[in-house]
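For the protein sequence lines, the chains are A and B, in the order given.
Residue numbers for the first sequence follow the working numbering, beginning at 235 and rising by one.
Residue numbers for the second sequence follow the working numbering, beginning at 1301 and rising by one.
Backbone N, C-alpha and C fix where the C-beta goes; we use that ideal spot for every residue, glycine too.
Because the structure is a prediction, the values reported are computed rather than measured.
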Amino acid sequence: MTHDRRTGGASTAPAIVVEGVEKIFNAGSADEVLAVEGINLAIQPGEFVSLIGPSGCGKSTLLRLVGDLLAPTRGTVSVFGKSAHQARLDQDYGMVFQHAGLFDWRRVAANIELPLELRGWSKADRTERSAQMLDLVKLPDFGRHYPRQLSGGMQQRVAIARALSFEPRLLLMDEPFGALDEMTREHMQLELLRIWRETGTTVVFVTHSISESAFLSNRVVVLSPRPGRIHSVVEVDLGDRDDDTREDPEYFAKETEIRETLRAVEDGA
Amino acid sequence: MMRWGRMLRVAATVLVAVGLLIGVWEGYKWMGGATDGTWPGTSIDLPTSTDDLTMPHAADIVGELFEEVRDGRNRLPMAVFLLKKAWFTLQEAAIGFSLGLAIGLGLAVLMLRWRVAERGLLPWINVSQTVPLIALAPIIVTWGRQQDLPDLLSISLIATYLTFFPVAVSALRGLQSPDPTHVELMRSYAAPWRTTLFKLRLPAARVYLFPALKIASTLSVVGAIVGEISIGTKTGLGRAILEFAQRYAVSPERLYASVVGAAVLGLTVFGLVALAERLTVTRTHGTVEEAR
């Protein structure tokens, strides 16, 4: 099943290896900030890993270091056996942010096709793929709409479709459901898990929601407050999840475990 | 169908506005006549005298458009005469506007690409607009004539000088307007700078650019008219205004009629830009209920 994918054998090379990474913003000036330090983390292919921690702990920074949107001050990030920089140039990343970040002037289908356009796909291939992706995120009739005609949840699904359209090997998500209401969020979580199962992509997921991290992940990485360090890693083994999982005692137990870890982190333990 | 309804509404609005303007004009004139040039019930003088020389009747101004005037050896109705002159001025304005658009956009992209350029150029771009046009126009024309440039082009350059400024400032702001996550997204696609410019920054800048283009379009007409007046061309709307101004005491309606002509020209170019905006910037408002 899904959670077995990461334990597919010791021979599998990790998807992401973060070694001794430190990030200092505005190094050398008066407003210098040490955002994260001493980060060591390995993520297996097909794994779903959440980063959680108090606000300002550097979880988004860590995500951006993995995605080569930021360069580490110290340490190395390798992705699929190459540098994060090379992985970005090879367009291995799909990114989803808290706000859908669709281009207002492009129709929904054209938004999904943007990364394909940049890769030089033909018009026919792009149209076919964007139709497939709209089916995948359950918005088959909205290709001709403009983003602003869609609700927040629908826009976020388009953003996910855009990120998945070119079948990236790695999906980086920065609080993608943070701006959604509770009902929509739970719905989207199930959709994301379904898509993850169907595509087998590796996911790094930043969140500040304890229940979300427990519900979605194989592993939850708990970061300490600034400067962000990895405090502990909570293994979550809930099998295939559905709406019933939310009422599963095992799930509650994991949620409690993560919550207590976070409390310990905030108390400076 | 919607379109026609919309156009009718616009036409009605324009008619009502013109009607109101004429109403205020004639009402003020009538009041001045009735009170012998003072505010009713006081002895305070009205700011403007209301006699026919200072304020001709609206009907006379409109009527003047159909009176014949001399144009070289021909005699033409005033309206046709003004249209001919306006056509010349429109060409100057159009060239000036296009050049101003190109230069303004070019400067904005330059300033976007290199922050050094922004720091170095922006103050000069601001200073450029403090030089009075009346002083600048003869200089441009003198230089132009030395280079055997036709006066039409020299005047266009004067219009350019006025138009590039709002374009440069607003385009820079528009190019810088995309959300950081949009820029990060393009970065995650490993998109080169040029691709980000064409796929993200320029489309995003349109919302900022078009209001500035509307200002620039009317400025280009102002620039062309002032340019004509200050260098003394033989044709153009500016020339006509200058001539009618000199004969104001004899027939004030003519100057007013030519001012109406200039206003119509300004509104025309403004309308063209507004139309371009409508065609280019998609209007995408409204929401649909989340379908579950």
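Item: Beta carbon proximity, S1488 (chain B) to chain A, threshold 8 Å; Value: yes
Item: Test: R322 (chain A) CB closer than 8 Å to a CB of chain B; Value: yes
Item: Cutoff 8 Å: H1482 (chain B) Cβ touching any chain A Cβ; Value: yes
Item: Rounded straight-line distance, which links the Cα of D324 (chain A) to that of A1490 (chain B); Value: 8 Å
Item: Contacts around T241 (chain A), its chain only, beta-carbon distance under 8 Å, and the 5 residues preceding and following it disregarded; Value: Residue placement at T241 (chain A) is poorly supported in this model, since its pLDDT is 44, which falls under 50; the coordinates still yield a value, given next. Taken in chain order, the residues that qualify are Q278.
Item: The stretch 490-503 of chain A in contact with the stretch 300-318 of chain A per 3-pair CB rule at 8 Å; Value: no
Item: Option in B:R1506, B:Y1548, B:S1551, B:R1303 with minimal Cα separation from S1477 (chain B); Value: B:R1506
Item: Exposed unless 16 or more other CB atoms sit within 10 angstroms - verdict on F376 (chain A); Value: buried
Item: Distance cut-off 7 Å: Q1476 (chain B) Cβ against heavy atoms of the ligand FAD; Value: The ligand FAD is not part of this structure, which contains no ligands at all.
Item: Under 8 Å between C-beta atoms of V1573 (chain B) and L1475 (chain B); Value: no
Item: Short CB-CB distance (under 8 Å) between V1588 (chain B) and chain A; Value: With a pLDDT of 41 at V1588 (chain B), under the threshold of 50, the modelled position of this residue cannot be trusted; read the value that follows with caution. Answer yes: the Cβ-Cβ gap between V1588 (chain B) and chain A drops below 8 Å somewhere.
Item: Nearest residue (CA-CA) to T1275 (chain B), options B:V1550, B:T1463, B:A1540, B:R1487; Value: In the structure displayed, chain B extends from 1301 to 1592; residue 1275 (chain B) sits before or after that span and is not available.
Item: W339 (chain A) versus F1397 (chain B) - alpha carbon distance; Value: 26 Å
Item: At least three beta-carbon pairs within less than 8 Å, the stretch 367-382 of chain A to the stretch 401-418 of chain A; Value: no
Item: Own chain residues within Cβ distance below 8 Å of K1499 (chain B), not counting five before or after; Value: M1486, A1491
Item: Interface residues of the stretch 1560-1572 of chain B facing chain A [CB-CB below 7 Å]; Value: none
Item: Span separating the alpha-carbon of A1379 (chain B) from that of P1347 (chain B); Value: 31 Å
Item: N-terminal and C-terminal residue of the beta strand (DSSP E) that D1371 (chain B) is part of; Value: 1368-1371
Item: Classification of P1450 (chain B) by the beta-carbon crowding that lies within 10 angstroms, buried from 16 upward; Value: exposed
Item: Beta-carbon spacing of L406 (chain A), V438 (chain A) below 8 Å; Value: yes
Item: Assigned secondary structure, S1456 (chain B) (DSSP; H/G/I helix, E/B strand, else coil); Value: helix
Item: Own chain partners of P1466 (chain B) with C-beta closer than 6 Å, once the 5 adjacent residues on each side are dropped; Value: A1512, I1515, A1516
Item: Cβ contact (3+ pairs, closer than 8 Å) linking the stretch 346-355 of chain A and the stretch 393-400 of chain A; Value: yes
Item: Classification of V1314 (chain B) by the beta-carbon crowding that lies within 10 angstroms, buried from 16 upward; Value: exposed
Item: Cβ-Cβ separation, Y1508 (chain B) to S1470 (chain B) (assumed contact under 8 Å), whole Å; Value: 5 Å
Item: Ranges of the beta strand (DSSP E) found wholly within the stretch 359-386 of chain A, counting only runs of at least 3; Value: none
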